[in-house]
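Beneath this line is the structure, given in C-alpha cells, with notes to follow.
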Amino acid sequence: SQQGEEDPQALSIQEGENATMNCSYKTSINNLQWYRQNSGRGLVHLILIRSNEREKHSGRLRVTLDTSKKSSSLLITASRAADTASYFCATFRGTGFQKLVFGTGTRLLVSP
Amino acid sequence: DAGVIQSPRHEVTEMGQEVTLRCKPISGHNSLFWYRQTMMRGLELLIYFNNNVPIDDSGMPEDRFSAKMPNASFSTLKIQPSEPRDSAVYFCASSVGGTRLVSSYEQYFGPGTRLTVT
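For the record, the sequence lines run as chains A and B. Residue numbers for the first sequence follow our numbering, beginning at 1 and rising by one. Residue numbers for the second sequence follow our numbering, beginning at 1001 and rising by one.
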C-alpha cells in the first residue's frame, strides 16, 4: 500500500484561485517531499520539509507538516494554468534500506 | 545539463519479446533508480543503484526483470520475456548524496519510457 495518501484525488479550480492538497502518512518520518508531474513527463522535486519544521515556503508554494496528525498540506497560491499537473507527496520508509515511497497523487486542473 | 536521458521514449512490442530500456543519469550523480508507474499501482521503485552497485532490488517484480549499471553514466532495465501486464511507464531517476542505507533526498527524473506489450 502507498505510504502517502493524497486527497483530494482530483481538484479543479480557476486561474487565480488557491489550491490545497493534503497528504497523510502512517509511520514516523524524518522529512516529507512534494513532487509535481506534468502529463507525459517525469516527476519534478518541489520542496522538502523536515520533521522539525511546521511550515515552509517556496515562491507560490506553501507546505505545512503536522507530525502529530501524520499529515502535510501543499498550498499553491494564485494558481496558473501551467500549474495543471499531478502532485505527489513522498516519504522514506523501510527497515535497513530507506527508500522513497510516493503517494497516490492529486490531479490538479487549473482552467484559464 | 541535459538532465536524465531515457530511450526509447515509446516502445511497443509483442508478448514474449525482449525489451531493453536505457538510461543516462546526470553527470556526477551517484545514485540511480528505476521506477514503474501504472494507474493501478502508482509509482513503484524497482531497483536502486549506489555507485553502480545494486543496493535494493526488492521491487523487481520477478526474474523476467533485470537491471545493470556497467558504469556511472549508463544503466539498462531488461524485461525478458515481456508480458502484457508489464505495460507501464518506466522512469529512471538519479540523484547525488545517497548511501547504501538511504536513497538521497532530491531525485531527478527522466521523461520516461512508455512500454506497451501486446
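Every residue gets a Cβ at the ideal spot worked out from N, C-alpha and C, and that includes glycine. In this text, all values refer to a predicted model and were calculated from it rather than measured experimentally.
Opposite residue i in the DSSP bridges: which residues?
i                : result
E1011 of chain B : B:L1115
R1036 of chain B : B:E1044, B:Y1090
R1053 of chain B : Checking the displayed sequence, the identity of residue 1053 of chain B turns out to be Val instead of Arg. In the DSSP output, where bridge partners are listed per residue, V1053 of chain B has B:N1050.
K1068 of chain B : B:T1076
M21 of chain A   : A:L74
R62 of chain A   : A:H57, A:L75
L46 of chain A   : Answer is none; L46 of chain A lacks a bridge partner.
S86 of chain A   : A:Q37, A:R107
Compare the C-beta of residue i against all C-beta atoms of chain B and say whether one is closer than 7 Å.
i               : result
Q2 of chain A   : With a pLDDT of 37 at Q2 of chain A, under the threshold of 50, the modelled position of that residue is not reliable, and the figure given next carries that caveat. Output row for Q2 of chain A: interface = yes.
T27 of chain A  : no
L43 of chain A  : yes
L46 of chain A  : no
R93 of chain A  : no
T104 of chain A : yes
K56 of chain A  : no
K99 of chain A  : yes
Is there at least one Cβ from chain A nearer than 7 Å to residue i's Cβ?
i                : result
F1065 of chain B : no
F1049 of chain B : no
G1042 of chain B : yes
E1014 of chain B : no
G1110 of chain B : yes
T1056 of chain B : Per the sequence presented here, residue 1056 of chain B reads as Asp, with Thr not at that position. Yes, contact with chain A.
Quick check on this structure: which residue in the options has the alpha carbon closest to the alpha carbon of residue i?
i                : options                            : result
T1118 of chain B : B:G1097, B:L1021, B:P1084, B:F1109 : B:P1084
H1029 of chain B : B:T1013, B:F1074, B:Q1080, B:L1115 : B:F1074
C23 of chain A   : A:I49, A:S86, A:G16, A:K70         : A:K70
S51 of chain A   : A:T77, A:I13, A:R107, A:D66        : A:D66
R1119 of chain B : B:D1086, B:S1031, B:I1005, B:M1015 : Outside the displayed range of chain B (1001 to 1118) lies residue 1119 of chain B, so it cannot be described from this structure.
L1021 of chain B : B:S1095, B:F1065, B:T1099          : B:F1065
G42 of chain A   : B:V1004, B:L1115, B:G1016          : B:V1004
I1026 of chain B : B:Q1107, B:P1008, B:Y1035          : B:Q1107
D83 of chain A   : A:K26, A:Y25, A:L46                : A:L46
L108 of chain A  : A:S79, A:S72, A:V101, A:K99        : A:S79
- Message: Across the region 28 to 35 of chain A and the region 80 to 93 of chain A, are there enough close Cβ pairs to call them in contact, namely three or more that are closer than 8 Å?
- Response: yes
- Message: For the pair the region 1029 to 1048 of chain B and the region 1056 to 1063 of chain B, tell me if three or more CB-CB distances fall below 8 Å.
- Response: yes
- Meets three-Cβ-pair contact criterion under 8 Å: the region 40 to 59 of chain A and the region 2 to 17 of chain A: no
- Within 7 Å of chain B by C-beta, residues of the region 6 to 28 of chain A in sequence order: none
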